[in-house]
Amino acid sequence: MGSAHWSSPEEVVDKDLAAGILRTADIFSRKQNCVEEHISLWIKHMLPVKNQPQSIQNQALLNWFREMKDKDYITEGEIAFKDFLGVDV
């Protein structure tokens with residue numbers, strides 16, 4: 120199996136992390152369908168950082184979220200998106 124590290128989900132995903140993931144999924148799945156403008160914004164922010172380090176991708180994701188929010192396409196959840204991503208701004 121190469122150098123992969125196998126683990127059990129219950130050993131690496133605690134209750135708080137699981138709850139955060141579910142809240143984020145809820146944010147992105149409710150109220151409206153994805154439209155062309157949403158995908159265009161995703162491409163605008165995420166394609167340029169496709170092969171960049173995770174920290175740069177997280178910042179791009181935060182920028183995407185902010186633009187979606189500015190255009191009223193998405194709302195902030197109980198946990199601020201920047202906090203969920205762990206991005207310092």
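The sequence shown begins at 120 in the working numbering and counts up one residue at a time. Using N, Cα and C, we set each Cβ at its ideal position, and we do this for glycine too. For clarity, every value in this text was computed on a predicted model and none was experimentally measured.
Asked	Found
Counting only the same chain and skipping the five closest in sequence on each side, list residues whose C-beta sits under 7 Å from that of Ala-138.	none
From Val-206, Ile-158 and Arg-142, pick the residue whose C-alpha is nearest to that of Ser-198; which is it?	First, the amino acid is wrong: residue 198 is Ile here, not Ser. Cα-wise, what sits closest to Ile-198 is Arg-142.
Using alpha carbons as the reference points, say which of Glu-195, Glu-129 and Trp-183 lies closest to Ser-159.	Trp-183
Considering only their Cβ atoms, is the gap separating Val-206 from Asn-170 smaller than 8 Å?	no
For Ile-175, count the other beta carbons within 10 Å of its own beta carbon; 16 or more makes it buried, fewer makes it exposed. Which is it?	exposed
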